[in-house]
Amino acid sequence: MYADVIIAGFGGQGVVLAGTLLAYAAMEHGLNVTFMPVYGPEMRGGTANCTVVLSDEEIGSPIIRRPQNVVALNRPSLEKFQLQLADGGTVVVNSSLADPALADSARIKVVGVPCNDIAEKVGNARMVNMVAMGAFVKATGALPLERLKQALSHVVPAHYGHLIPKNAEALQAGYDAA
Amino acid sequence: MYADVIIAGFGGQGVVLAGTLLAYAAMEHGLNVTFMPVYGPEMRGGTANCTVVLSDEEIGSPIIRRPQNVVALNRPSLEKFQLQLADGGTVVVNSSLADPALADSARIKVVGVPCNDIAEKVGNARMVNMVAMGAFVKATGALPLERLKQALSHVVPAHYGHLIPKNAEALQAGYDAA
Amino acid sequence: MSRIVLDEERCKGCLLCTVVCPKNILRQSSRMNAQGYKVAECAPELAEECTGCTACAQMCPDLAIVVWRTVKAKEASR
Amino acid sequence: MSRIVLDEERCKGCLLCTVVCPKNILRQSSRMNAQGYKVAECAPELAEECTGCTACAQMCPDLAIVVWRTVKAKEASR
Amino acid sequence: MSADGRIFVKGNEAVSMGAIDAGLKGYFGYPITPQNEIPEYMSLHLPKAGGAFVQAESEMAAINMVLGAAATGARAMTSSSSPGVSLMQESFSYMATSETPCVVVNMMRGGPGLGDINTSQGDYYQATRGGGHGDYRTPVLAPSTCQEAYDLTREAFDIAFRFRTPVMILGDAILGQMKEPITRGVPRPADPAESADWGLSGAKGREQRIFRSLFLAEGVLTAVNQRLRAKFEAMASLARCETFMTEDAELVVVSFGSIARIVKSSIRKLRARGLKVGLLRPITLFPFPAEAVAAVARQGKRLLTIEHNMGQMVDDVRLAVCGIADSAFHGTLSGTIPTPDEYEAAIEAALTGGSK
Amino acid sequence: MSADGRIFVKGNEAVSMGAIDAGLKGYFGYPITPQNEIPEYMSLHLPKAGGAFVQAESEMAAINMVLGAAATGARAMTSSSSPGVSLMQESFSYMATSETPCVVVNMMRGGPGLGDINTSQGDYYQATRGGGHGDYRTPVLAPSTCQEAYDLTREAFDIAFRFRTPVMILGDAILGQMKEPITRGVPRPADPAESADWGLSGAKGREQRIFRSLFLAEGVLTAVNQRLRAKFEAMASLARCETFMTEDAELVVVSFGSIARIVKSSIRKLRARGLKVGLLRPITLFPFPAEAVAAVARQGKRLLTIEHNMGQMVDDVRLAVCGIADSAFHGTLSGTIPTPDEYEAAIEAALTGGSK
Amino acid sequence: MSETLAFTRTPSVAETPTHYCPGCQHGVAHRMVAEYLDAENLAEKTIMVTSIGCSVFLYNYLRFDSVEAPHGRAPATATGVKRVSPDKVVFTYQGDGDLASIGMAEIMHAANRGERITVVFVNNTVYGMTGGQMAPTTLVGQKTTTSPAGRCASTEGAPFRMAEIVAGLGGVAFSARVALNNVKHLAQARKAIRRAFEVQLAGQGMGFVELLATCPTNWKMTPVQANEHIEAAIIPTFPLGVFKDIAKNAGAC
Amino acid sequence: MSETLAFTRTPSVAETPTHYCPGCQHGVAHRMVAEYLDAENLAEKTIMVTSIGCSVFLYNYLRFDSVEAPHGRAPATATGVKRVSPDKVVFTYQGDGDLASIGMAEIMHAANRGERITVVFVNNTVYGMTGGQMAPTTLVGQKTTTSPAGRCASTEGAPFRMAEIVAGLGGVAFSARVALNNVKHLAQARKAIRRAFEVQLAGQGMGFVELLATCPTNWKMTPVQANEHIEAAIIPTFPLGVFKDIAKNAGAC
Ligand SMILES: Cc1ncc(C[n+]2csc(CCOP(=O)(O)OP(=O)(O)O)c2C)c(N)n1
Ligand SMILES: Cc1ncc(C[n+]2csc(CCOP(=O)(O)OP(=O)(O)O)c2C)c(N)n1
Ligand code: SF4
Ligand code: SF4
Ligand code: SF4
Ligand code: SF4
Ligand code: SF4
Ligand code: SF4
Ligand SMILES: [Mg+2]
Ligand SMILES: [Mg+2]
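So, in structure tokens, the structure goes:
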């Protein structure tokens, strides 16, 4: 088993938390996993991304130049990372902010999910990232959704602990929508 | 032609000036020459020495561990450096401050000259170094005395220029006494 | 009537301009630019109140605002 | 009568002791030590003027002076 | 913590935990990307573990705070990244000479100059040749996973105290920033005995102790250098490497740190295609596992050194196999993050293109 | 001045004169033995020659003053000795990257640590392997006489400007403190043209110019490193050495700087006794005259590297002759001043004792 | 009725958008320096010494000839520039970590020597670029990533007041602290920047201006909150004022 | 009539003669520190941080546990010592080149942090060890080997007054300047040294004492002239006094 994904969006969309959740869930699932955030001044100026690699073998490079999967939470991320996506790879597009039609659906599998709209419906506009991750595991089968839900309590910062049920709802909603 | 000498004494006895004079004179004499002073904190605490090497060939090491000649302006210098002196080498001893009998005259040639006394007689108690260098060139024949006298104006600091004739006298007096 | 020109692609939505406008005519719009920032705007209905005082432009860290001042006839003739 | 003991081998002949002695009984000797320094001395003829004030020893950078103070009977009994 | 006791941490955190679990008593550091998680972790956790955290005013100050703390016999460390480590070179030389044990972490970033904050192996020379002035060497350990970052940092303190020497952990931006599951060990109890013979504690009832590196009296510096040389030679026993699929390999790649991970991916791909290639990964860079490399060469296998620099470790590989064989070299430059594909091509070319 | 126009000066003064005669416009330095005569000379003479002298608050400040002055296109320099040079490593890396030409003098002293103030060759690695972080190299020139100190310092500026790079003069305590007669050349007139294309002078009527070493945009740092690598390779043309009695020699000693002088004395003595030995003295340490060394090895002559350290240049010798021959090594340690007698014995032993 | 351009980008500011976070006042500081130099027609003889911090790309935003100094060393680099090019206008642009922490020796010495340079010192009380660690100017009690419990005066010290400290040195001809948080303060800042260059041009010594600026990201505030924080918390610790002016009596402005 | 020992070497001073030049007051400074620590029975818990300068061999002269800091870094090294050994008495001994030039950042920051250490600062207005170059404390007009025409205030700056500068920092509990040139001043020096340790012991912050001392060799004076020079020229530039005492009001002494 091997899977990798680049999760990208604006700063503030919770890209790092999304990646951490996936990685932590994979660890609990008994897999090897690496998580690589962007860091440093590149974080400024509004964009962020991170890479997660899951495998039952020892993992080589934690940095992936031609990912199998991309989660694009906004339009610049879709434009940038779909170019890197491997042939036949999957991109989960936040269709609230980026038109899935922009993706090259001839070459790659495109899963459009209106993450912002769903998040607002769930009742917390900031949970765009959770919606997207729910959609991601559905679209790729990388991990069972339950694993993600279980991992929530380990990765959500303590002072947001009360939001865990909402996060789980958002995951589920994304899963259902994909 | 090759000669080397270590000139040693208390700080303030003008060891560096003596060595510079010899070296400069050698240069004027058309020889290759190197001059090596002690430097740094070793200068503190009252002792000083320098090494001069003259040769008509290219000079290798400017630092000499077994010198052919030593000029010892005081007793500690005699004690320290006569041990390093090569067999058959020459030591010029300032007999005003160090008893030439302390030198191992079986192994080395000992030339005792009462430099302080002579300097005072010449009329400048500080010219101990000049007296010794006069004695040195006499004892070793390393250079003609005239060369040393001619070199004086190049090595004596400008503000002591008026003392050059006295320095020449001191050189001569040392030469005569050796 | 003075006016401002706000370059929405430069604007980072910090809203510092909105707090210094003495006429209180600047506000957050509902538009997001390509960088994902909700940009500021001059409320169209209040735009004519702009005095061209440049306060907003001076405070803007991103040089997103250009200010045109219209000197009223009376003032201009002084 | 107080007195000083001056270790001539430690002395560097700086003469700082001589300038602080309130009794002015210290001076440069004519002796040179092994390091080549003309050492200081207490003028023997004036030695008994020493009050044991320790000024010389305090000023000496080389700890060459030890001071012995003799408390006069009267003072001692106080 | 996961069901199997693993925790999910950044390499920088793993290093920090390794140090704290090794009995760290003082951390002194100055921020620089990509290792900021180390001082940040320390500021929060070290005081709880009974140690002192000080954010120093500069890297020079940091390393000299380490000097002071370590001279008392305490386990002390600093961490930085390339430019900051350059600033510590004078002090490394001092500490190697005064035989002050400590651990220094360099999470290398792209260079030279301010470079970038991506990964690089440009500081190999500096780390392995005593980048400061004078003749000295310090052990250098190069982890390639977060687990190894934890383990080797712990061990680094033991080595530091065993040899009374600074020890360097040479990681890079990938290692520092990457998160992986690790298993954390049991904290080591403090052991005052390890510095009882030499730590500064006030000269009560004994001769004073001195940490110094100036030796002007005749012959003393020579004697110090002789002792140091003997020590550097004794460190040879620390040499260590990992081998991966080397037994039947025709060509063995020598590569270290995170880059060796990428090389491993390439090797897996090549093996999948039936090509007989393997990896020798030096874990200690000084001492360099020269014997292990030479042994591979003696078996007639060809060598390819892959580094993320213009060619530094390759010198050590060549010196190790001099007279037996040679090593080809493939270097990638700071500014890019090398990919398994690129290395795959390079290895294949070396395999098919003859030796060198 | 003597009848034949020679003047009698210290190596440190010779360096200073060479720099001033090369058109020096700014000297910035901090005192350290054994090179204090350089700032002292500069403080008196450089202002008279129309240049600026500043005693910096530290070596870090000094090298960064050089950066500023050199960025304007002016000929600028600093000088120091081992510990002080270690402190400049971060900035060397910056300047190599931003391609800032300058000259740095290291009059090596005994090390490691504060060491002593006698002679040493302990900084060879640091000087030749870009002691700072990252992949970079700077030309290193190693004079062995006062005349050569003068000549090579002059030339160092030309090299610095030709390649837009820092250049190091690597001397030692002997060279700096020794006095010898030298012949001084004619001062070079200032040549604003040499920096007209890149010097900072205010962006009047042209695009701004930038000296920088941070390159975060994707691919840029890689491109910079590619350009730098090409430059380091182009520097190979600078390689230079002196040979002495090598034609008929059975054994050739490789030795540099002042130590090579002592070796020469030993060789003369051995020749006088009929032993066929010679000397190859690298004048450039980077680029190392590998071709010349290899040529000697190819003639079947044996090699002995003599250094006043634990063995640093010997790596370059071995890498140069790898596969052709090997080099024996004799090292003396900081703290002693080696004698011709000692080297004589070592050379004789190498000659009679077989190759290696 | 005629329309005039009351405010637009001054020519020395490049068109390139900055990489700064929303509400970061580095951009304001850049602009004000450029406006002065353009107004006085000095841009073409200006050499700028940049430093390491969030403003490291300053040369992308201001079109002056530039040299990037290693972290903390800008005053030394500027000394080198100015000593061989005394006819140029030279300024450094430094953050509080750069100037007051690793670069403390360099600023103290350049100030004491009276280098004829201008120092533009942007104090945002944190290490912005590296992600919000404690700076030498961090307020007592302020939480940062390396002072998670808030800066403790007793073990970490109180914030350095650099404008006052350098004002105490003989080589400094002008030193002031201003803030960028409202229009009134911007006017003071403009004056202070002008004076900080004027003393350089007159050869009187160093001109030093400390600008209190926001770092919303690392203060974990919205830009508007951060801007208010300047008035509420920063200025009380770092009083505004002219601490030295060789031409006039210094005093609060 | 009984004879008592009124003055002798205190036990923490080693018997070894020093390598200092005749009339060099480093020896006096050493002794006074040792006398205080012996008198208070603190020698056995003292850790001394030496620096690079003529006093580099201090550990040969004072019998305390010692660590030699690289040039200028003693306050950092002392910080490291004290932070892991808060029960020890820690002092640095530094010259003016060491403390006020290359080490300016370290002393400013250690002072500001309020490290519980004592700083013994020997100001002889030159770089003694390296042969008499200009120091940050060299007087205006003073000739040195690198200021052959005399220090020029306009290009080289005026001497740094470190006791005053550090007194301005919050972490400093005591700061004073004293001289070693006569018996009255020695008494003041003794008191200042005591206070500089007392504040450390009380955990109040850094104790800083600046000692004006001779360097006859590099001043090119006889020891007696040099000693007079302190009164005539040095003290007028470096006024004696207590600039800060956490317990009392500071004032001239
Ligand atoms: C020698 C060195 N040490 C550390 C760093 C990492 N670093 C980059 S910027 C910075 C601090 C920036 O803070 P400040 O000067 O306050 O500027 P700001 O980003 O807040 O504007 C540090 C520590 C570096 N680049 N070089
Ligand atoms: C990094 C470094 N730079 C320079 C030196 C050379 N150096 C030794 S002592 C000294 C200055 C000493 O002056 P000061 O601190 O005033 O002490 P003093 O000798 O006057 O007592 C210098 C520059 C050094 N040892 N290390
Ligand atoms: S120019 Fe003045 S009035 Fe007009 S929008 Fe800007 S701040 Fe408001
Ligand atoms: S101040 Fe500028 S960037 Fe901020 S909201 Fe207003 S226009 Fe946009
Ligand atoms: S103790 Fe006092 S009186 Fe006696 S010699 Fe010394 S200074 Fe003079
Ligand atoms: S003060 Fe001390 S060293 Fe100086 S002369 Fe007097 S006894 Fe000798
Ligand atoms: S981190 Fe702070 S200083 Fe840096 S750009 Fe963002 S707001 Fe500005
Ligand atoms: S040079 Fe000066 S400070 Fe050094 S020992 Fe001599 S007199 Fe003392
Ligand atoms: Mg800041
Ligand atoms: Mg001094």
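Residue numbers (our numbering), protein chains in the order written: chain A, 15 to 192; chain B, 15 to 192; chain C, 44 to 121; chain D, 44 to 121; chain E, 76 to 431; chain F, 76 to 431; chain G, 1116 to 1368; chain H, 1116 to 1368.
Note that CB positions come from ideal geometry on N, CA and C, so glycine has one too.
Once the 5 residues before and after residue 56 of chain A are set aside, which same chain residues still bring their CB inside 7 angstroms of it?
Sequence index remark: in the first sequence, residue 56 of chain A carries index 42 (1-based). Low confidence applies here, because residue 56 of chain A scores a pLDDT of 49, under 50, leaving its location unreliable; read the following figure in that light. Contacts found: none.
Could you give the distance in angstroms between the alpha-carbon of residue 1360 of chain G and the alpha-carbon of residue 1216 of chain G?
Residue numbering aside, residue 1360 of chain G sits at position 245 when the seventh sequence is read from its first letter. Residue numbering aside, residue 1216 of chain G sits at position 101 when the seventh sequence is read from its first letter. Between the alpha carbons of residue 1360 of chain G and residue 1216 of chain G lies a distance of about 25 angstroms.
For residue 27 of chain A, which three-state DSSP category applies?
Within the first sequence, residue 27 of chain A is the residue found at index 13, counting from 1. Assigned with DSSP and collapsed to three states, residue 27 of chain A falls in coil, not helix or strand.
For residue 63 of chain A and residue 124 of chain E, what's the separation of their Cα atoms in angstroms?
As a first step, residue 63 of chain A must be located in the first sequence, where it is residue number 49. As a first step, residue 124 of chain E must be located in the fifth sequence, where it is residue number 49. Computed Cα separation, rounded: 34 angstroms.
I'd like to know if the stretch 1227 to 1235 of chain H and the stretch 1266 to 1280 of chain G are in contact, where contact means that at least 3 CB-CB pairs between them fall below 8 angstroms.
Enough Cβ pairs lie closer than 8 angstroms, so yes.
Beta-ladder partner(s) of residue 1334 of chain H, from DSSP:
By one-based count along the eighth sequence, residue 1334 of chain H stands at place 219. Answer is none; residue 1334 of chain H lacks a bridge partner.
C-alpha distance - residue 133 of chain B paired with residue 140 of chain B, whole-angstrom precision
Here residue 133 of chain B refers to the residue found at position 119 of the second sequence. Here residue 140 of chain B refers to the residue found at position 126 of the second sequence. C-alpha separation (whole angstroms): 7 angstroms.
Would you say residue 1331 of chain H touches ligand 8, meaning its beta carbon is less than 7 angstroms from a heavy atom?
As a first step, residue 1331 of chain H is located in the eighth sequence; it is residue number 216 there, counting from the start. Yes, since a heavy atom of ligand 8 falls inside the 7 angstroms radius drawn around the Cβ of residue 1331 of chain H.
Using the DSSP secondary-structure output, state which residues sit across from residue 104 of chain F in a beta bridge.
Your numbering for residue 104 of chain F matches position 29 in the sixth sequence. Residue 104 of chain F pairs with F:130.
Return the CA-CA distance between residue 151 of chain E and residue 166 of chain E, expressed in angstroms with no decimal places.
The residue you call residue 151 of chain E lines up with position 76 of the fifth sequence. The residue you call residue 166 of chain E lines up with position 91 of the fifth sequence. For residue 151 of chain E and residue 166 of chain E, the distance between alpha carbons rounds to 14 angstroms.
Within 10 Å of its beta-carbon, does residue 16 of chain A have 16 or more other beta-carbons around it, so buried, or fewer, so exposed?
Residue numbering aside, residue 16 of chain A sits at position 2 when the first sequence is read from its first letter. With a threshold of 16 other beta carbon atoms within 10 Å, residue 16 of chain A falls short and is exposed.
Indicate, with yes or no, if ligand 2 has a heavy atom lying under 7 angstroms from the CB of residue 1241 of chain H.
Position 126 of the eighth sequence, counted from the first residue, corresponds to residue 1241 of chain H. Yes - ligand 2 has a heavy atom lying nearer than 7 angstroms to the Cβ of residue 1241 of chain H.
Apart from the five residues on each side of it in sequence, which residues of its chain come closer than 7 angstroms, Cβ to Cβ, to residue 1301 of chain G?
What you label residue 1301 of chain G is simply residue 186 of the seventh sequence in a count that begins at 1. Close CB contacts of residue 1301 of chain G within its chain, under the 7 angstroms cut and outside five residues either way in sequence, are with 1295 (chain order).
Comparing the CB of residue 1138 of chain G with every heavy atom of ligand 9, is any distance shorter than 7 angstroms?
For the purposes of this step, residue 1138 of chain G is taken as residue 23 along the seventh sequence, with counting starting at 1. Residue 1138 of chain G Cβ: outside cutoff for every heavy atom of ligand 9.
Between the C-alpha atoms of residue 313 of chain E and residue 306 of chain E, what's the straight-line distance to the nearest angstrom?
The residue given as residue 313 of chain E occupies position 238 in the fifth sequence. The residue given as residue 306 of chain E occupies position 231 in the fifth sequence. The C-alpha of residue 313 of chain E lies about 12 angstroms from the C-alpha of residue 306 of chain E.
Can you give me the C-alpha to C-alpha distance between residue 1157 of chain H and residue 1308 of chain H, rounded to a whole angstrom?
Position 42 of the eighth sequence, counting from 1, holds the residue named residue 1157 of chain H. Position 193 of the eighth sequence, counting from 1, holds the residue named residue 1308 of chain H. Their Cα atoms are separated by approximately 14 angstroms.
Check for me: the alpha helix (DSSP H) holding residue 1194 of chain G runs from which residue to which?
To locate residue 1194 of chain G, count along the seventh sequence from 1; it is residue 79. For residue 1194 of chain G, the uninterrupted alpha helix (DSSP H) segment begins and ends at 1189 to 1199.
Secondary structure, beta strand (DSSP E): runs of 3+ residues fully inside the stretch 216 to 267 of chain F
Correct list: 241 to 247, 254 to 258.
Do residue 34 of chain A and residue 73 of chain A count as a contact pair if the criterion is CB distance below 8 angstroms?
The count along the first sequence starts at 1 and reaches residue 73 of chain A at position 59. The count along the first sequence starts at 1 and reaches residue 34 of chain A at position 20. No, they are not a contact pair.
If you follow the alpha helix (DSSP H) that residue 129 of chain B is part of, which residue opens it and which one closes it?
What you label residue 129 of chain B is simply residue 115 of the second sequence in a count that begins at 1. Per DSSP, the unbroken alpha helix (DSSP H) holding residue 129 of chain B starts and ends at 129 to 136.
Rounded to whole angstroms, what is the Cα-Cα separation between residue 1327 of chain G and residue 1293 of chain G?
Position 212 of the seventh sequence, counting from 1, holds the residue named residue 1327 of chain G. Position 178 of the seventh sequence, counting from 1, holds the residue named residue 1293 of chain G. Roughly 6 angstroms separates the two Cα atoms.
Taking only the alpha-carbon atoms, compute the straight-line gap between residue 226 of chain F and residue 95 of chain F and give it to the nearest angstrom.
Here residue 226 of chain F refers to the residue found at position 151 of the sixth sequence. Here residue 95 of chain F refers to the residue found at position 20 of the sixth sequence. Each residue's Cα considered, the two are about 12 angstroms apart.
Spatial neighbours of residue 64 of chain D within its chain, please: CB distance less than 7 angstroms, with the 5 preceding and 5 following residues excluded, ordered by chain position.
The sequence position of residue 64 of chain D within the fourth sequence is 21, counting from 1. Cβ within range, chain order: 98, 99.
Within the continuous beta strand (DSSP E) that includes residue 1118 of chain H, where are the two ends?
Mapped onto the eighth sequence, residue 1118 of chain H falls at position 3. Note, residue 1118 of chain H: beta strand (DSSP E), 1117 to 1122.
Going by DSSP, what residue range makes up the beta strand (DSSP E) through residue 80 of chain D?
In the fourth sequence, the residue the question calls residue 80 of chain D occupies position 37. Run containing residue 80 of chain D: none; DSSP gives neither H nor E here.
What is the DSSP secondary structure of residue 56 of chain B, counted as helix, strand or coil?
As a first step, residue 56 of chain B is located in the second sequence; it is residue number 42 there, counting from the start. Here the model assigns residue 56 of chain B a pLDDT of 49, short of 50, so the residue's position is not dependable, and the following value carries that caveat. Under the three-state reduction of DSSP output, residue 56 of chain B falls in the helix class.
Under a three-way DSSP split, which group does residue 82 of chain F fall into?
In the sixth sequence, residue 82 of chain F corresponds to position 7, counting from 1. Here DSSP, grouped into helix, strand and coil, assigns residue 82 of chain F to strand.
By the three-class DSSP mapping on this structure, what secondary structure does residue 272 of chain E have?
The residue labelled residue 272 of chain E in the question sits at position 197 within the fifth sequence. Note: residue 272 of chain E maps to coil in three-state DSSP.
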